[in-house]
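Visitor: Residue numbers (the numbering used here): 16 to 703.
Quick one: the structure is below, and I'll ask about it shortly.
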Amino acid sequence: MPWTRRLLAVLVALCAALVIAPVAQAHEERPVTFPDGSGSVPTYRDGPPDLLVCKEDRADFERRISGFPAELRKENLDLFAKCQKSGFRHLQEAVDAVDEPGMNIAILPGLYEEEPSQPKPTGACTELKAKDSALGYQILSFAQQKQCPHNQNLVAILGKKDLQIEGTGASRLDVVIDAKYSKLNAIRADESDGIYFRNFTAQRTTFNSLYVLAGDGFVIDDVLTRWNDEYGFLTFASDHGLYKNCESYGNGDSGIYPGSASDINNERGYDVPRYSIEITGCRSHHNMVGYSGTAGDSVYVHDNEFDHNMGGASMDSAFPGHPGLPQNHARFERNDIHDNNADYYKYIADGTCAKAPVDRGYEDGVVCPQISMPPGTGIITAGGNWNLYENNWVYGHDRAAFFLSAVPAFIRGESAWSKQADTSHHNRYAGNKLGVDKQGKARPNATDVWWDGQGEGNCWQGSAGASTPRALPECGSSRGDVSGGADRLAGEPTKLAALLVCADYDARAARLPAGCDWYGATGIERIEVQVALGIAVVLTLVGGVLWWRRLRTHRWATAACAAGLVGLALDVAGATKGLQAGYLPAVALLLTGAWWVGAGVVLRGERPWFGWVTVALGVLTLLDAFDKAVVMLPWIPLGPAWIRGLLGVVWVIWAVVVAASRAGEAPVVAEADEEQPPPTVAETEVPA
């Protein structure tokens with residue numbers, strides 16, 4: 016990157032610093048490294064279990080299995096009899112009894128509250144020396160987790176290898192592991208390679224239901240997670256993982272979160288040898304976001320359903336301390352992403368989320384959103400590269416099907432100049448069915464694409480409908496083939512201003528940013544309208560005075576000023592219409608540009624330098640209209656809006672000086688002097 020582009024990148028990053036800085040903290044964990052990749056995805060073992068877990072109440076057990084098919088019911092009765100003789104009453108007891116790799120634990124139908132693990136820490140476990148996270152919990156080392164496994168975990172699986180844990184019920188709801196909001200995690204598998212979870216439910220934590228950390232090889236098969244402050248499923252710094260046929264709902268962050276998946280494809284383009292984690296056949300609904308991927312690298316997400324969340328899925332590079340940043344190489348195919356329009360910020364506003372978790376009403380549909388995000392969106396990418404979004408159904412969204420913005424590198428702790436504009440690049444959106452459900456019924460999105468304009472090599476399918484900007488680089492028939500591609504170091508200034516305002520969200524302080532439509536602002540309350548109105552007022556006043564003092568005797572200059580006035584009015588109207596503005600902003604720019612060009616041509620005679628600057632400002636404004644509505648200019652590192660904005664500030668100050676100057680002031684011609692009749696004899700008679 017040439018030094019000029021590096022300097023621009025740093026300046027842009029400094030301008031964008033405030034955009035991300037106020038964002039709430041995401042998941043914080045001890046420093047971990049990726050597995051060496053020598054593992055593999057474990058396979059299901061259908062042999063007899065080595066260890067059994069059950070409760071003692073036979074009447075309750077028989078009630079739970081009464082509706083099972085006959086064969087499954089008999090199997091469970093036989094296992095119950097064996098379990099009463101040699102089994103365990105709590106899952107943690109069975110995990111502690113695992114003494115070699117490759118063992119199977121079977122959990123019989125029942126409610127498992129793991130009573131011995133529920134109490135708060137005592138003795139030495141109350142005095143662990145560890146850093147506190149921004150959310151208040153201690154960031155414990157692996158050794159400290161071993162020393163005090165139930166400080167944070169209801170069930171702790173630490174260092175066990177090739178362990179399989181399976182519920183024996185007819186459905187995943189027959190075995191329920193319930194943390195009762197007393198622990199961060201219901202089940203934590205830490206450095207436990209080859210673990211296999213199947214056919215149970217985990218619920219009600221102050222962080223995650225099911226947490227896999229630093230594992231090389233895991234499967235989550237037919238598991239349900241629900242009603243957590245943060246995540247349903249969290250797999251972090253792991254490789255060779257598979258989620259299948261899972262479900263998650265009622266989570267304050269995301270239902271499915273493959274954070275910091277092993278970064279095995281960082282140096283590659285679109286063609287990769289394998290993915291670190293695969294997610295298929297899952298449904299994630301009624302969460303803040305269905306799928307989240309801070310540093311969600313090399314994740315293959317296909318044939319899932321993400322619906323009725325605030326957002327369907329998101330990838331980002333916005334939080335420090337996550338290995339594998341910036342996010343790269345997620346692949347989304349054939350997913351059904353729809354109707355993600357939930358409004359959960361209302362529970363922050365009315366104080367519901369200020370209550371203790373047990374009193375918030377998660378079981379009744381309350382969700383307490385933990386971070387700032389644009390609701391009504393299908394797929395959000397906030398600082399990601401080389402992602403593929405192909406052949407998905409994305410429909411029924413009140414904001415946008417796709418949302419793409421960049422995140423400066425210093426947000427993730429990278430200070431090198433050359434990295435500050437290293438997102439978002441080479442994201443491909445092709446072959447998606449937008450605004451149509453899987454049965455072919457029309458279910459339009461408010462707009463199909465919202466893009467801040469930053470990045471290189473991003474492209475969209477030609478069938479994308481309404482978008483902002485209106486002109487989008489189109490994808491060619493092959494990956495890497497982009498028509499009309501642009502390479503911008505910064506997004507549009509108005510969009511960055513909106514992101515700045517919207518980022519000022521704090522769930523713990525119950526702070527909802529004013530001026531952001533993500534949180535319900537409408538009309539003049541929205542920052543975009545306020546900016547457009549403020550600019551219109553300033554330019555109308557300055558331009559009006561300049562016209563009166565210098566231009567009102569010139570017919571063409573007056574016509575140009577009138578066009579500019581209409582353009583400014585249309586710009587405000589377009590801001591009020593938001594995503595439905597269509598080509599209105601481009602028309603507004605055309606008229607405003609015509610004003611400056613016309614006025615500048617006239618002003619050249621009296622004020623040559625000021626006149627030429629005015630013409631240049633008009634030409635930049637016309638280029639901005641072309642850039643937004645026809646095709647993005649491929650040869651400039653900053654959009655015309657940035658350059659004309661900076662020049663516009665200079666022009667306003669200069670215009671005030673020119674208008675106030677007396678030199679060359681246009682004469683004022685009184686209306687009474689026009690078409691005057693000749694004087695009468697009486698009027699010309701000289702008195703004696």
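Every residue, glycine too, gets a C-beta built ideally from N, C-alpha and C.
With a cut-off of 8 Å, do at least 3 Cβ pairs link the segment 258-267 to the segment 277-291?
Guide: no
Visitor: If you drop the 5 nearest sequence neighbours on each side, which residues of the same chain put their C-beta closer than 6 Å to that of Ile395?
Guide: The residue you call residue 395 lines up with position 380 of the sequence shown. Gly326, Ser329, Phe418.
Visitor: Classify Ala681 as helix, strand or coil using the three-state DSSP reduction.
Guide: Position 666 of the sequence shown, counted from the first residue, corresponds to residue 681. Annotation note: pLDDT 45 at Ala681 (below 50); position unreliable, coordinate value reported separately. Residue state, collapsed to three classes: coil.
Visitor: Please confirm if the segment 657-673 is in contact with the segment 513-522, defined as three or more CB-CB distances below 8 Å between the two stretches.
Guide: no
Visitor: Please state whether DSSP places Trp563 in a helix, a strand or coil.
Guide: One-based indexing of the sequence shown puts residue 563 at position 548. If DSSP states are grouped into helix, strand and coil, Trp563 belongs with the helices.
Visitor: Is it buried or exposed, Lys510, if we count other Cβ atoms within 10 angstroms and call 16 or more buried?
Guide: Residue mapping note: residue 510 aligns to position 495 of the sequence shown, counting from 1. A residue is called buried when at least 16 other Cβ atoms come within 10 angstroms of its Cβ; Lys510 meets this threshold and is buried.
Visitor: For the candidate residues Gly339, Gly182, Arg104, Arg570, whose alpha-carbon lies nearest to that of Gly398?
Guide: Counted from its first residue, the sequence shown places residue 398 at position 383. Nearest C-alpha to Gly398: Gly339.
Visitor: Starting from the N-terminal side, write out each stretch of the beta strand (DSSP E) that is 3 residues or longer and does not extend beyond the segment 198-264.
Guide: 200-205, 210-220, 223-228, 231-243, 246-251, 254-259
Visitor: Please identify the residue among Arg104, Asp114, Arg88 whose C-alpha is closest to the C-alpha of Ile122.
Guide: Numbered from 1 along the sequence shown, position 107 holds the residue referred to as residue 122. The residue with the shortest Cα to Cα distance from Ile122 is Arg104.
Visitor: For Ala109, collect the residues of the same chain with a Cβ closer than 7 Å to its Cβ; drop the 5 residues on either side in sequence, then sort them by chain order.
Guide: For the purposes of this step, residue 109 is taken as residue 94 along the sequence shown, with counting starting at 1. Contacts found: Leu66, Val68, Phe103, Ile120.
Visitor: Output needed for Cys98: all residues of its chain with C-beta closer than 8 Å, excluding positions within five of it in sequence on either side, in chain order.
Guide: As a position in the sequence shown, residue 98 is number 83, starting the count at 1. Result list for Cys98: Leu67, Val68, Cys69, Leu123, in chain order.
Visitor: Compute the beta-carbon to beta-carbon distance between Leu228 and Val47, rounded to the nearest angstrom, for a pair I have assumed lies under 8 Å.
Guide: Start at 1 with the first residue of the sequence shown, and residue 228 comes out as number 213. Start at 1 with the first residue of the sequence shown, and residue 47 comes out as number 32. About 7 Å; that satisfies the 8 Å criterion.
Visitor: Measuring only the C-alpha atoms, how far is Gly615 from Leu632?
Guide: Reading the sequence shown from its first residue, position 600 is the one you call residue 615. Reading the sequence shown from its first residue, position 617 is the one you call residue 632. Approximately 9 Å between the Cα atoms of the pair.
Visitor: Per the contact definition of three or more C-beta pairs closer than 8 Å, is the segment 448-459 in contact with the segment 418-436?
Guide: no
Visitor: Who pairs with His300 in a beta bridge, going by DSSP?
Guide: Counting from one through the sequence shown, the residue named residue 300 turns up at place 285. Tyr264, Asp322.
Visitor: Looking at C-alpha atoms only, which residue of Lys144, Gly411, Lys146, Ala276 is the closest neighbour of Lys456?
Guide: Reading the sequence shown from its first residue, position 441 is the one you call residue 456. Taking only the C-alpha atoms, the option nearest Lys456 is Gly411.
Visitor: Does DSSP classify Asn343 as helix, strand or coil?
Guide: As a position in the sequence shown, residue 343 is number 328, starting the count at 1. Asn343 carries a strand assignment under DSSP once its states are collapsed to helix, strand and coil.
Visitor: On a CA-only basis, which of Tyr362, Arg241, Ala601 is nearest Phe222? Give me that one, please.
Guide: Indexing the sequence shown from 1 puts residue 222 at position 207. The option with the nearest alpha carbon to Phe222 is Arg241.
Visitor: In or out: Val672 buried (at least 16 other Cβ within 10 Å) or exposed?
Guide: Here residue 672 is taken as the residue at index 657 of the sequence shown, counted from 1. Classification of Val672: exposed, given that the 10 Å Cβ count is below 16.
Visitor: How big is the Cα-Cα spacing for Gly393 and Pro423?
Guide: For the purposes of this step, residue 393 is identified with residue 378 of the sequence shown, where counting begins at 1. For the purposes of this step, residue 423 is identified with residue 408 of the sequence shown, where counting begins at 1. Cα to Cα, Gly393 sits roughly 23 Å from Pro423.
Visitor: For the pair the segment 594-611 and the segment 638-648, tell me if three or more CB-CB distances fall below 8 Å.
Guide: yes
Visitor: When we look at the beta-carbon of Val373 and count the other beta-carbons within 10 Å, is it buried (16 or more) or exposed?
Guide: Locating residue 373 in the sequence shown gives position 358, where the first residue counts as 1. That one is exposed.
Visitor: Thinking C-beta only, is Arg79 closer than 8 Å to Gly125?
Guide: One-based indexing of the sequence shown puts residue 125 at position 110. One-based indexing of the sequence shown puts residue 79 at position 64. Inclusion of Gly125 and Arg79 in the CB contact set at 8 Å is warranted, their separation being smaller than that value.
Visitor: Please name the residue in Val238, Trp624, Ala479 whose C-alpha comes closest to that of Gly182.
Guide: Against the sequence shown, residue 182 aligns to sequence position 167. Selected option, being the one with the closest Cα: Val238.
Visitor: By the three-class DSSP mapping on this structure, what secondary structure does Asp519 have?
Guide: Numbered from its first residue, the sequence shown carries residue 519 at position 504. Note: Asp519 maps to coil in three-state DSSP.
Visitor: Skipping 5 residues on each side, what residues in its chain have a beta carbon closer than 7 Å to that of Cys163?
Guide: Here residue 163 refers to the residue found at position 148 of the sequence shown. Excluding sequence neighbours, Cys163 sits near Pro136, Cys140, Leu143.
Visitor: Going residue by residue through the segment 399-443, where are the continuous beta strand (DSSP E) segments of at least 3 residues, counting only ones entirely within it?
Guide: 403-405, 408-410, 415-420
Visitor: Measure the C-alpha to C-alpha separation of Gln342 and Ile292 and round it to an integer number of angstroms.
Guide: Position 327 of the sequence shown, counted from the start, is the residue given in the question as residue 342. Position 277 of the sequence shown, counted from the start, is the residue given in the question as residue 292. Approximately 14 Å between the Cα atoms of the pair.
Visitor: Under a three-way DSSP split, which group does Val602 fall into?
Guide: For the purposes of this step, residue 602 is taken as residue 587 along the sequence shown, with counting starting at 1. It is helical.
Visitor: Cα separation between Ile651 and Ser156?
Guide: Within the sequence shown, residue 651 is the residue found at index 636, counting from 1. Within the sequence shown, residue 156 is the residue found at index 141, counting from 1. Spanning the two alpha carbons is a distance of roughly 48 Å.
Visitor: My output table needs one value for Val650: the three-state DSSP class, helix, strand or coil.
Guide: Mapped onto the sequence shown, residue 650 falls at position 635. Note that residue 650 is Trp in the sequence shown, not Val. Coil.
Visitor: Assign Lys97 to one of three DSSP states: helix, strand, or coil.
Guide: By 1-based counting over the sequence shown, the position of residue 97 is 82. Here Lys97 sits in helix by DSSP.
Visitor: Give the range of the alpha helix (DSSP H) segment to which Glu108 is assigned.
Guide: Translated into the one-based positions of the sequence shown, residue 108 becomes position 93. Where Glu108 is concerned, the enclosing alpha helix (DSSP H) stretches over 106-112.
Visitor: Return the first residue and the last residue of the beta strand (DSSP E) that Tyr290 is part of.
Guide: Against the sequence shown, residue 290 aligns to sequence position 275. It is not in any beta strand (DSSP E) - Tyr290 carries neither H nor E in the DSSP assignment.
Visitor: For the ligand ZN, I want to know if Ser492 counts as a neighbour, meaning its beta carbon is within less than 7 Å of at least one of the ligand's heavy atoms.
Guide: Of the ligands one can find in the structure shown there are none, so the ligand ZN has no counterpart to examine.
Visitor: Taking the alpha-carbon of Leu594 as reference, which of Gly558, Gly336, Gly391 has the nearest alpha-carbon?
Guide: For the purposes of this step, residue 594 is taken as the residue at position 579 of the sequence shown. It is Gly391.
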